[in-house]
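Residue numbers (the working numbering), protein chains in the order written: chain A, 420 to 524; chain B, 60 to 474.
Report on the structure given below.
Next comes the structure, spelled out in structure tokens:
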């Protein structure tokens, strides 16, 4: 199994995709993405409301942003149209994470 | 001592040295500027854009310097540079300016980048785009060197929207004096209230506390804030109010009731654009998915959720009084930044003046009930036309306004 995505685009300079993963996102994905894209900021929303999920965000200045929620299946990838090469790199890491966690599928 | 502020829960406002700062995105910032620039054929609007920022920034920085007895010029420069970046306006160095002026080169600029992203390049006949930054730099230079207000001018010499590879400004001593006196209304006629906490699925206070605890500030490299899928700024509420109401007053003076109608339409449309892009962007963001979506059980919870978010933005207290699904929203705004500012600047009015809130209220209903934001639609011009300009679209009317003597602002949204 693999991920799927829909592409949204709300300005002329950026591409935004919403990926859906077949398994729940956990810290192992964040750690993997940090290897390439930088340190993640974690917002502990669950501390403010028991139903809420903690959110993570990884940014490379304003050229690229990855965000999502722990224990969720949606992950957002926004990238400058000048840096579209990172789309393939990002999807490579998603695949690697899924392979590492294949026993959960 | 760096310049910061704090969120005051009894005012639902982020206050820095008596200046309210509010969160707004590049869509609103650039579109509001666009609608003002559209009047340039018959109004001398460009000085309004610059001097409004210049006045607010000068008074803000000057207040901070005096209160904390910051007299060293280099330290003052650092405060001005740092605050610009903290607010997400971009990044520049004041190393090459003195009391006579100088050149400022910007590593990144919110208005240049935001305009380029939203509208693309400007025409050869059009001015460079960063009027706010021009005002910021001139006001900052005056405060740093203890010069009189409006004694420095800043001219933008390079702009990304004009095909340049940098953003740069030339500061000089002003040759002519400004004709009108522009003063920041600062805190305005604000009021104090308890937090909004209606019964239901949406935890308003939890959302407000979660969002106000997030470190929303410019990144280290570029001084830009990339959050909720948009480029945010922590902008001076009084900048928005000064440019909007000064334009309104000029139009009213020149064209009477027709001028008021033009201003109302332009500024309300800016509110629609803000709602569509800011609210829409938020409702399609990871932060929304994590913090608010798990609380949602009904479509009406989407309305409550975005209203709860607004309460964290420093816009005042927003409260749903009545919500009839697909039909009607009655929204109450208490201590809204628009009426706070207008009352301080001009006192009473014969007409309602909360244009951003009016456009925002209509936008909420259009996004949720005319469109369906829960389906993650593409937020492009085509979708905007579909949900904001169709026959079934919602429109808002301001039925109570503090500037007209009412206790609070009230909006009725219907289709």
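Cβ atoms here follow ideal geometry from the backbone N, Cα and C, with glycine treated the same way.
6 Å Cβ shell around residue 122/B - same chain, five flanking residues per side excluded: Here the question's residue 122/B lines up with position 63 in the second chain. Closer than 6 Å at Cβ, skipping near neighbours: 76.
Option nearest residue 319/B by Cα separation, candidates 473/B, 275/B, 252/B and 306/B: As a position in the second chain, residue 319/B is number 260, starting the count at 1. Closest by alpha carbon: 306/B.
Short Cβ contact (9 Å threshold) for residue 340/B with residue 376/B: Here residue 340/B corresponds to residue number 281 of the second chain, with the count starting at 1. Here residue 376/B corresponds to residue number 317 of the second chain, with the count starting at 1. Result no, Cβ atoms of residue 340/B and residue 376/B do not sit closer than 9 Å.
Can you give the Cα-Cα distance for residue 475/A and residue 465/A, rounded to whole angstroms? Position 56 of the first chain, counted from the first residue, corresponds to residue 475/A. Position 46 of the first chain, counted from the first residue, corresponds to residue 465/A. Spanning the two alpha carbons is a distance of roughly 12 Å.
If distances are taken between C-alpha atoms only, which option among 462/B, 372/B and 333/B comes closest to residue 400/B? Counting from one through the second chain, the residue named residue 400/B turns up at place 341. Ranking 462/B, 372/B and 333/B by Cα distance to residue 400/B puts 462/B first.
Inter-residue Cα distance where the pair is residue 421/A and residue 488/A: Your numbering for residue 421/A matches position 2 in the first chain. Your numbering for residue 488/A matches position 69 in the first chain. Taking the straight line from one Cα to the other gives about 18 Å.
Whole angstroms are fine: how far does the CA of residue 344/B sit from the CA of residue 49/B? Chain B is shown from 60 up to 474; residue 49/B falls before or after that span and cannot be answered.
Tell me whether residue 229/B sits in a helix, a strand or coil according to DSSP, three-state version. The residue labelled residue 229/B in the question sits at position 170 within the second chain. DSSP places residue 229/B in strand when its eight states are reduced to three.
Based on the DSSP output, what are the partners of residue 487/A in its beta bridges? By one-based count along the first chain, residue 487/A stands at place 68. Its beta-bridge partners are 475/A and 494/A.
Within-9 Å CB hit, residue 96/B to chain A: Position 37 of the second chain, counted from the start, is the residue given in the question as residue 96/B. Using a Cβ-Cβ cut-off of 9 Å, residue 96/B does not count as an interface residue toward chain A, since no Cβ of chain A sits closer than that to its own.
Which residues in chain B have a C-beta closer than 9 Å to the C-beta of residue 445/A? List them in chain order. As a first step, residue 445/A must be located in the first chain, where it is residue number 26. Within chain B, no C-beta atom comes less than 9 Å from the C-beta of residue 445/A; the nearest is roughly 14 Å away.
9 Å is my cut-off, CB to CB: does residue 511/A come that close to chain B? On the first chain, residue 511/A is found 92 positions in, with the first residue counted as 1. Residue 511/A does not count as touching chain B.
Looking at residue 329/B: is its Cβ nearer than 9 Å to the Cβ of residue 91/B? As a working mapping, residue 329/B is identified with position 270 in the second chain. As a working mapping, residue 91/B is identified with position 32 in the second chain. Result yes, Cβ atoms of residue 329/B and residue 91/B sit closer than 9 Å.
Contact set for residue 136/B: own chain, Cβ-Cβ below 7 Å, skip 5 residues either direction: Working through the second chain from its first residue, we reach residue 136/B at position 77. Only 153 and 203 meet the Cβ criterion.
Confirm, please, whether the CB-CB distance from residue 266/B to residue 364/B is below 9 Å. The sequence position of residue 364/B within the second chain is 305, counting from 1. The sequence position of residue 266/B within the second chain is 207, counting from 1. Yes. Within cutoff.
For residue 455/B, which residues in the same chain have their Cβ closer than 6 Å to its Cβ, ignoring the five residues on either side in sequence? To locate residue 455/B, count along the second chain from 1; it is residue 396. Taken in chain order, the residues that qualify are 417, 420, 421, 470 and 472.
Kindly say whether residue 497/A, judged by its beta-carbon, lies nearer than 9 Å to any beta-carbon of chain B. Here residue 497/A is taken as the residue at index 78 of the first chain, counted from 1. Answer yes: the Cβ-Cβ gap between residue 497/A and chain B drops below 9 Å somewhere.
Those runs of the beta strand (DSSP E) which lie wholly inside the region 249 to 297 of chain B and span at least 3 residues: Correct list: 284 to 286 and 289 to 295.
Report the residue from 445/A, 441/A and 504/A whose alpha carbon sits nearest the alpha carbon of residue 490/A. By one-based count along the first chain, residue 490/A stands at place 71. Here the closest residue by C-alpha is 445/A.
If you draw a straight line from the C-alpha of residue 423/A to the C-alpha of residue 438/A, how long is it? Here the question's residue 423/A lines up with position 4 in the first chain. Here the question's residue 438/A lines up with position 19 in the first chain. A direct Cα-to-Cα measurement between residue 423/A and residue 438/A gives close to 6 Å.
Within 10 angstroms of its Cβ, does residue 331/B collect 16 or more other Cβ (buried), or is it exposed? Taking the second chain and counting its residues from 1, the one referred to as residue 331/B is at position 272. Buried, by the Cβ-count rule.
Can a CB atom of chain B be found closer than 9 Å to the CB of residue 440/A? As a first step, residue 440/A is located in the first chain; it is residue number 21 there, counting from the start. Answer no: the Cβ-Cβ gap between residue 440/A and chain B never drops below 9 Å.
Taking C-alpha atoms, which residue in 285/B, 362/B and 387/B lies nearest to residue 497/A? By 1-based counting over the first chain, the position of residue 497/A is 78. Nearest of 285/B, 362/B and 387/B to residue 497/A, Cα basis: 285/B.
Would you mind giving the Cβ-Cβ distance between residue 432/A and residue 176/B, rounded to the nearest angstrom? I have them listed as a contact below 8 Å. Position 13 of the first chain, counted from the first residue, corresponds to residue 432/A. Position 117 of the second chain, counted from the first residue, corresponds to residue 176/B. Right, their Cβ atoms sit about 4 Å apart.
Under a three-way DSSP split, which group does residue 543/B fall into? Outside the displayed span of chain B (60 to 474) sits residue 543/B, for which this structure offers no information.
List the endpoints of the continuous alpha helix (DSSP H) containing residue 180/B. In the second chain, residue 180/B corresponds to position 121, counting from 1. Careful: residue 180/B lies outside any alpha helix (DSSP H) and carries neither H nor E.
State the beta-bridge partners of residue 337/B as determined by DSSP. The residue given as residue 337/B occupies position 278 in the second chain. Answer by DSSP bridge pairing: none, since residue 337/B is not bridged.
Assign residue 422/A to one of three DSSP states: helix, strand, or coil. Working through the first chain from its first residue, we reach residue 422/A at position 3. In the structure shown, residue 422/A sits in coil (DSSP, three-state: anything other than H, G, I, E or B).
For residue 139/B, which option in 84/B, 433/B, 63/B and 82/B has the closest C-alpha, if you only look at C-alpha atoms? For the purposes of this step, residue 139/B is taken as residue 80 along the second chain, with counting starting at 1. Closest option to residue 139/B, Cα to Cα, is 63/B.
Residue 461/A: contacting residues in chain B (beta-carbon distance under 8 Å): Counting from 1 along the first chain, the entry for residue 461/A is found at position 42. Per Cβ cutoff of 8 Å: no residues; residue 461/A is ~10 Å from chain B at best.
Straight-line gap, residue 442/B to residue 436/B (C-alpha atoms, nearest Å): Mapped onto the second chain, residue 442/B falls at position 383. Mapped onto the second chain, residue 436/B falls at position 377. Going from the Cα of residue 442/B to the Cα of residue 436/B covers about 8 Å.
Could you work out which residues of chain A lie near residue 269/B, taking near to mean beta carbons separated by less than 9 Å? What you label residue 269/B is simply residue 210 of the second chain in a count that begins at 1. 462, 463, 464, 466, 467, 468 and 471, listed in chain order.
Could you tell me the alpha carbon to alpha carbon distance between residue 180/B and residue 171/B, rounded to whole angstroms? Against the second chain, residue 180/B aligns to sequence position 121. Against the second chain, residue 171/B aligns to sequence position 112. Looking at the two C-alpha atoms, the distance is approximately 10 Å.
Three-way DSSP call (helix, strand, coil) for residue 47/B in this model: A query on residue 47/B cannot be resolved here, the shown segment of chain B reaching from 60 to 474 and no further.
Under 8 Å between beta-carbons, which chain B residues line up against residue 425/A? List them in chain order, please. For this step, residue 425/A is matched to residue 6 along the first chain. Simply 435.
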